[in-house]
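Please read the structure below before turning to the comments.
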Amino acid sequence: MSEHNNEKLDVKEDEIHLLLDHSYDGIQELNHPLPSWWNATFYICCAFALGYFVYYQFMNGPSLNDEFKKDYKVVLAAKEEFRKANSVFNQEFYDKTVSKDGVNNGKVVYEINCMPCHMEGGRGDVGPNLTDNYWLLAKGTPPTIHKVVFGGSEENGMPAWGEILKPEEIYQVISYVMTFKNTFVVGGKEPQGEKVDE
Amino acid sequence: MSSQVESPPVGKRESFSYDDNIVKLFVIATLIWGVVALLLGVTIAFQLADWRVNLGLPWTTFGRLRPLHTNAAIFAFCGNAIFAGIYYSHQRLLKARLFNDVLSQIHFWGWQLIIVSAAITLPFGITTGKEYAELEWPIDIAITLIWVVFAVNFFGTIVRRRERHIYVAIWFYIATIITVAVLHIVNSLEIPVSFLKSYSLYAGVQDALVQWWYGHNAVAFFLTTPFLGLMYYFIPKAVNRPVYSYRLSIIHFWSLVFIYIWAGPHHLLYSTLPEWAQTLGMVFSVMLWMPSWGGMINGLMTLRGVWDKVRTEPSVRFMATALTFYGMATFEGPLLSIKSVNAIAHFTDWIPGHVHAGTIGWNYMLISGVLFYLVPKLWNSELYSKKLAHTQFWFATIGLILYIVSMWVAGITQSLMWSAMDDAGNLIYPNFIETVIKIVPMYWVRAIGGTFVLISFVIMIINLYKTAKAGKKTAEKIYEANALDDSSIEHNASAHRKLEGWPMIFAVLSLIAILVGSGIEIIPSLVADKYILKIEAIKPYTSLELYGRDVYIKEGCYLCHSQTVRPMSHEVVRYGKPSNAAEFVYDHPFQWGSKRTGPDLARVGGKYPNMWHYRHFLDPRQVTQGSIMPRYTWLFENKIDYSDLSKKLQVMKQLGVPYSDEEILNAVENAKGQAQGIADELVENGKVPEKIVQMDVVALIAYIQRLGVDYSAVEEEESDEAASVK
């Protein structure tokens, strides 16, 4: 019945005994046994599947949440230690940072991280204007700015930069921000928060 | 054929012809849609490499073109190829003309019409927001109808067959037709709001499970089983060799069909899907490895002794390569399903790399092989140029390898950067954008690889066109065979051999095989209300937020942003608390996403001020230097359409979202009030025009600012309790 194959089906000597007599549009089938490696691998996969399922579902194997909680506990402890060590403003370290080209380094940090919201020169846009004498969260001094930068303010959309920037980068960027103070740039954002007189 | 066993002479001789015109039509459609699908793929690949390729128009942005690419590749390109191959081989394997020529025509033109309506609706953002099932409800109904036409035509041909037993290719076709019908209907259940807008019947975890049961098995039963069927016909025909092992055919067919259907939840590992279902998804994927390889072995071993044809015959070369990539992808799949590997690979570019090893390596290569066999036969011609075919082969192979390797590198690099933490518990790459900028060079490599594949396809079109053009017209051939009578019943045959003589029972058994896994996984989730512990604090979206959510869906945000935080330390440090199933109970459809080209958004609400989002949607690079996200300027010009808003809440209520009658009645008023609040704040804060209150962007901001907010306020203990419910 085949319309195309005028040649004889290509069957090798050593397999002719495996040829079945079915024929579909000229297609015939050999009946080789299942390859033993195929069979074995299939059984191994099934055994693994069964064992895995039984262990995790019926034999109190740890759930993904259990594993996460165990891991996260360690992370939280480390974070807490880090916070304790770095969340309090260190005047001595700040002075040292400023003297070691802190302002120039801080400018780089500022441009990458802060500028999207506080804009060039601190004139403000999404975030408040840093060049006037009104302050929303900080009070215009390095320790108060440090607190806001390190811990952030969820309510105001200020990220907790303590988790993102290195401790010295925070000091650098503060020293840079301090250069904006009371420059009252033209075209800056309207004042926000309370006026701070010094 | 000397080896053919002729039926005894007692039977009644009948003469008949085959309908090859319908096959030709499907071949032509395959080539046209293939080029469209690849062109779209290359376009969106370049969009990821350089955001400016989004062209600044709504209908050309990534979020709208990506669904068009996937739908075109799967349902238009592969779909038409499947129909061509099935209709050609089915008739010959059964010695019968297709059941009804009119049905064949309806099938063909109906399918093309569906594709055209997809190509029109998707760029306009008309989408259900469910991956690979984005088409809206009227098109879903059309797909169902045309599929039924196909099924009637297919089974009708079986009824009129002159060959008692059905060959293994037809087993795979049967499994395809039945399963695709079940998948499509169950996953597409939705309630219409208007002619082109509906909400999924399912919500949250439930929706996610149904969707990935569908999504995974679209791969299984649209891109795998029909292609295995084609492979079983066209490889032995092309090399004139007997198939390696009938026994292997039986074992791998049934194990593949039975096991495949369970594997869907491996798309939801580490999600809030109950863990037993996740584990089932993983272990069934591992068990699937050998059944998949059974097909590869049977195909490749059929080439025993004729391997020289891989060098000389384009058709054989493409099909053998297809099987090799199939083997690779079906090894990679189970590997990716193992939880600890998935933890690294999920949400990264490794996954599109894996998918394309399948779609380009297996589907496109096999289609090419089939076409090189079919076109000369159908148009009564000789292949125009073997040299061109080999050039096509190298373009396709090199392009694909560039694609796969660049996505491995991108995926693993980005994943390692996401998870890198220092001893203080801080992320080493806390800015998501750093991890994006790092892999943009790989996006270029991928786009170039894709271009190679596109070029290869164009070469094939030229080759096949020239082939067809040189064809000589011939009269329709008339064949003769004995009518089916009792003489062909084999009384002493094995049980399976007998079953092959009862195609309808075979179909029923296939249906049962796929319903077992489907039922065990899905039915418990349909009563999910009982095991998802409700959290009182989690409230439905306001009307404006719901509208904003529809904007989110319309723009295809879910294609680049996930909304689910996995229980992993680095994710919790980066995004916030792990997600909880109770958070999603009002999400029709769920929007967890499957890829993080951008960061997760499950906890983004309140993270940035409204003004940040305003700037970001206008031009992402204003607030995130190096961002590859497109601009969404039209959101600042398109007015909020309040006309359907009450209806939307009403439909949501029908779906079980507890909106009060008052909320439904006052939907528009409430939305306007909330929009005014956001607009006032924006106007106060910056140089924002007052008319912004009327624009889509305000609704989208309202939605984004709501994400994760309710749950973040929930006390630790309550959320723990809810999360521990299995």
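Chains as they are written, first to last, in this note's numbering: chain R, 1 to 198; chain X, 1001 to 1726.
Just so you know, even glycine gets a beta-carbon here, dropped at the ideal spot from N, CA and C.
Just so it is clear, the structure is predicted and the values come from calculations on it, not from any experiment.
Per-residue DSSP class, three states only, for residue i
i, result
"VAL177 of chain R", "helix"
"GLU1715 of chain X", "coil"
"LEU20 of chain R", "coil"
"LYS189 of chain R", "coil"
"TRP135 of chain R", "strand"
"LYS195 of chain R", "strand"
"PHE1227 of chain X", "helix"
"PHE1077 of chain X", "helix"
"MET158 of chain R", "strand"
"SER87 of chain R", "coil"
"GLY153 of chain R", "The sequence shown places Ser at residue 153 of chain R, rather than the Gly named in the question. DSSP places SER153 of chain R in strand when its eight states are reduced to three."
"HIS4 of chain R", "Summary for HIS4 of chain R: the model assigns pLDDT 47, below 50, so the residue's position carries little reliability, and this model does not support an answer."
"PHE184 of chain R", "coil"
"PRO1291 of chain X", "helix"
"TRP1307 of chain X", "coil"
"GLY1686 of chain X", "coil"
"GLN1105 of chain X", "helix"
"ASN1100 of chain X", "coil"
Own chain partners of residue i with C-beta closer than 8 Å, once the 5 adjacent residues on each side are dropped
i, result
"MET1417 of chain X", "ILE1428, TYR1429, GLU1434, THR1435, LYS1438"
"LYS1647 of chain X", "VAL1193, SER1194"
"ASN5 of chain R", "Reliability of the predicted coordinates at ASN5 of chain R is poor, the pLDDT of 47 falling under 50, and the value obtained from them is presented with this limitation in mind. GLY26."
"PHE1506 of chain X", "ILE1166, TRP1171, ILE1174, LEU1499, GLU1500"
Residues sharing a beta bridge with residue i, DSSP
i, result
"PRO1192 of chain X", "X:SER1198"
"GLU29 of chain R", "X:VAL1243"
"ASN1482 of chain X", "X:ARG1013"
"MET1421 of chain X", "X:LEU1427"
"LYS1639 of chain X", "X:MET1695"
"PHE1395 of chain X", "For PHE1395 of chain X, which the question treats as bridged, DSSP gives no partner whatsoever."
Own chain, CB closer than 6 Å to residue i, minus 5 neighbours either side, in chain order
i, result
"LEU20 of chain R", "GLU29, ASN31"
"ALA1470 of chain X", "SER1381"
"ALA1118 of chain X", "ASN1071, LEU1135"
"TYR1232 of chain X", "VAL1168, ALA1169"
"GLU190 of chain R", "none"
"ASN1685 of chain X", "MET1611"
"GLY127 of chain R", "CYS117, HIS118"
Backbone CA spacing between residue i and residue j [nearest angstrom]
i, j, result
"ARG1092 of chain X", "ASP1644 of chain X", "53 Å"
"TYR1373 of chain X", "PHE1108 of chain X", "21 Å"
"ALA1322 of chain X", "THR1624 of chain X", "42 Å"
"LEU1221 of chain X", "PHE1026 of chain X", "The sequence shown places Phe at residue 1221 of chain X, not Leu. Each residue's alpha carbon lies about 19 Å from the other."
"HIS1090 of chain X", "LEU1378 of chain X", "15 Å"
"HIS199 of chain R", "VAL11 of chain R", "Shown here, chain R extends from 1 to 198; a query on residue 199 of chain R therefore has no answer."
"GLU92 of chain R", "MET178 of chain R", "16 Å"
"TYR1060 of chain X", "LEU1682 of chain X", "The question names Tyr, yet the displayed sequence has Thr at residue 1060 of chain X. Distance between the alpha carbons of THR1060 of chain X and LEU1682 of chain X is about 29 Å."
"LEU1122 of chain X", "TYR176 of chain R", "49 Å"
"GLY1606 of chain X", "VAL1688 of chain X", "20 Å"
"HIS146 of chain R", "ILE1692 of chain X", "36 Å"
"LEU1300 of chain X", "ALA1320 of chain X", "7 Å"
"VAL1769 of chain X", "GLY1411 of chain X", "Residue 1769 of chain X lies beyond the stretch modelled for chain X, which goes from 1001 to 1726, so this question has no answer here."
"ASN1080 of chain X", "LEU1223 of chain X", "12 Å"
"ASP1739 of chain X", "PHE1077 of chain X", "With chain X covering only 1001 through 1726, there is no way to say anything about residue 1739 of chain X."
"TRP161 of chain R", "ASN1426 of chain X", "11 Å"
"ASN60 of chain R", "VAL54 of chain R", "9 Å"
"SER1003 of chain X", "MET1365 of chain X", "Reliability of the predicted coordinates at SER1003 of chain X is poor, the pLDDT of 45 falling under 50, and no value is obtained from them."
"GLU3 of chain R", "GLY1129 of chain X", "Low confidence applies here, because GLU3 of chain R scores a pLDDT of 45, under 50, leaving its location unreliable; read the following figure in that light. Cα to Cα, GLU3 of chain R sits roughly 48 Å from GLY1129 of chain X."
"ARG1603 of chain X", "PHE1457 of chain X", "43 Å"
"VAL1053 of chain X", "THR1312 of chain X", "41 Å"
Own chain residues within Cβ distance below 7 Å of residue i, not counting five before or after
i, result
"ALA1582 of chain X", "ILE1532, LEU1533, LYS1534, ILE1535, ILE1538, ALA1722"
"PHE1016 of chain X", "ALA1096, ARG1097, TYR1479"
"ARG1621 of chain X", "SER1627"
Neighbour list for residue i in chain B, Cβ cutoff strictly below 7 Å
i, result
"ARG1092 of chain X", "No chain B is present in this structure, whose protein chains are R and X."
The ligand SAM heavy atom lying under 7 Å from the CB of residue i
i, result
"ARG1621 of chain X", "No copy of the ligand SAM appears in this structure; indeed no ligand is present at all."
(Q) Ignoring anything shorter than 4 residues, give me the alpha helix (DSSP H) runs that lie fully in the stretch 1578-1634 of chain X, in order along the chain. (A) Correct list: 1610-1618.
Which full runs of the alpha helix (DSSP H) of 4+ residues lie inside the stretch 1343-1381 of chain X, going along the chain?
For the stretch 1343-1381 of chain X, whole alpha helix (DSSP H) runs of length 4 or above, ordered along the chain, are 1350-1356, 1365-1378.
Taking the runs of the alpha helix (DSSP H) that are 4 residues or longer, which of them lie wholly in the stretch 1028-1072 of chain X?
-> The alpha helix (DSSP H) runs of length 4 or more contained entirely in the stretch 1028-1072 of chain X are, from start to end of the chain, 1062-1071.
Practice item. May I have a chain-ordered list of the alpha helix (DSSP H) segments no shorter than 4 residues that lie completely inside the stretch 51-87 of chain R? Key: Counting only unbroken stretches of 4 or more residues, the alpha helix (DSSP H) elements lying wholly within the stretch 51-87 of chain R are 64-86, in sequence order.
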